[in-house]
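Trainee: Residue numbers (my numbering): 208 to 458.
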Ligand code: PXP
């Protein structure tokens, strides 16, 4: 089993949330992305939602021009988003389910229930050289469907695990964590690269960072919130330290 260095993708959506609250240009999510790059992020994640509630099209243009580290472009499986991704050809495209009324991405994609359409949808993205990632739950049926349609990566949704932690439901949290671990091992066994993300913070990151199959964590909201108190660079550095510590314990 490899114990490679875990990649940290920093999601900058909520810098744009703050900017959009006033409708101006500040704070600039691209500046945050460059700061994250300087602070040791391995990639930047940005979700262009259909309603443009945080990241807007011009942010993606500017991120593509400015970043030296890879952009993980999160999007719904719509024709509009596919055209945008094909125009930019980011390093990675992460397909997420999107419901307009939700506050954040609440569940994983139903790949098993939409296999033919999603397979057709990701074809042109794969041909354009993007690594296609599917944001799913740990259900083995979803993992196997992701492998069948030719995704390179699955990102397992850690939101439920983090919610259970926050609510102090620790036995259920640990059970959910076990499901995530089994899911990660299963995904790796069928040839998928395994990422995890959603809701992670300093208190929840280490158990998932300790899953040997996990290659990348994508973390946003907590880091942007923590930046208010300790600064974005130090928040990223502490997350990096915790990830490395969890990883070192594996070796
Ligand atoms: N991964 C995916 C696929 C997401 O949709 C999100 C939220 O946009 C994240 C990771 C980051 O979640 P959070 O902002 O809660 O850290």
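Every residue, glycine too, gets a C-beta built ideally from N, C-alpha and C.
Fair warning: this is a prediction, and the values are worked out from it, not measured in the lab.
My output table needs one value for residue 220: the three-state DSSP class, helix, strand or coil.
Mentor: Within the chain shown, numbered from 1, the residue matching residue 220 stands at position 13. Residue state, collapsed to three classes: helix.
Trainee: Using the C-alpha atoms, what's the distance from residue 224 back to residue 236?
Mentor: Taking the first residue of the chain shown as position 1, residue 236 is located at position 29. Taking the first residue of the chain shown as position 1, residue 224 is located at position 17. About 9 Å.
Trainee: Would the C-beta of residue 407 count as close to the ligand PXP, meaning under 7 Å from any of its heavy atoms?
Mentor: To locate residue 407, count along the chain shown from 1; it is residue 200. Correct: residue 407 has its Cβ closer than 7 Å to the ligand PXP.
Trainee: Can you give me the Cβ contacts of residue 451 inside the same chain, cut-off strictly under 6 Å, excluding the 5 residues immediately before and after it?
Mentor: By one-based count along the chain shown, residue 451 stands at place 244. Excluding residues within five positions, none has a Cβ falling inside 6 Å.
Trainee: Helix or strand or just coil, what does DSSP make of residue 318?
Mentor: Your numbering for residue 318 matches position 111 in the chain shown. It is coil, neither helix nor strand.
Trainee: Below 8 Å on the Cβ atoms is my contact criterion, and I expect residue 256 with residue 305 to pass it. Report the Cβ-Cβ distance as a whole number of Å.
Mentor: Within the chain shown, numbered from 1, the residue matching residue 256 stands at position 49. Within the chain shown, numbered from 1, the residue matching residue 305 stands at position 98. Indeed they touch by this definition, with Cβ atoms about 6 Å apart.
Trainee: Comparing the CB of residue 433 with every heavy atom of the ligand PXP, is any distance shorter than 7 Å?
Mentor: Looking up residue 433 in the chain shown gives position 226. No, Cβ of residue 433 sits at least 7 Å from all heavy atoms of the ligand PXP.
Trainee: Going by DSSP in three states, residue 415 sits in which element: helix, strand or coil?
Mentor: One-based indexing of the chain shown puts residue 415 at position 208. In the structure shown, residue 415 sits in a helix (DSSP, three-state: H, G or I).
Trainee: At a cut-off of 7 Å, would you count residue 285 as near the ligand PXP, judging by its Cβ distance to the nearest heavy atom?
Mentor: Position 78 of the chain shown, counted from the start, is the residue given in the question as residue 285. Checking every heavy atom of the ligand PXP against the Cβ of residue 285, none is found closer than 7 Å.
Trainee: One question on the structure: do residue 215 and residue 248 come within less than 8 Å of each other, judged by their Cβ atoms?
Mentor: Taking the first residue of the chain shown as position 1, residue 215 is located at position 8. Taking the first residue of the chain shown as position 1, residue 248 is located at position 41. The answer is yes: Cβ separation under 8 Å.
Trainee: Counting only the same chain and skipping the five closest in sequence on each side, list residues whose C-beta sits under 7 Å from that of residue 380.
Mentor: Taking the chain shown and counting its residues from 1, the one referred to as residue 380 is at position 173. The residues are 368, 371 and 372.
Trainee: Looking only at its own chain, which residues have a Cβ that is under 6 Å from the Cβ of residue 366, when we skip the five neighbours before and after it?
Mentor: Working through the chain shown from its first residue, we reach residue 366 at position 159. Result list for residue 366: 405 and 406, in chain order.
Trainee: Roughly how many whole angstroms lie between the Cα atoms of residue 295 and residue 285?
Mentor: Here residue 295 refers to the residue found at position 88 of the chain shown. Here residue 285 refers to the residue found at position 78 of the chain shown. Near 16 Å, if we compare the C-alpha coordinates of residue 285 and residue 295.
Trainee: Are there any heavy atoms of the ligand PXP lying less than 7 Å away from the beta-carbon of residue 342, as far as the coordinates show?
Mentor: Position 135 of the chain shown, counted from the first residue, corresponds to residue 342. Indeed, a heavy atom of the ligand PXP lies less than 7 Å from the Cβ.
Trainee: So residue 458 and residue 418 are in contact, right, with Cβ under 8 Å, and what is the actual spacing, rounded?
Mentor: Translated into positions along the chain shown, residue 458 becomes position 251. Translated into positions along the chain shown, residue 418 becomes position 211. Residue 458 to residue 418, Cβ: 14 Å. No contact.
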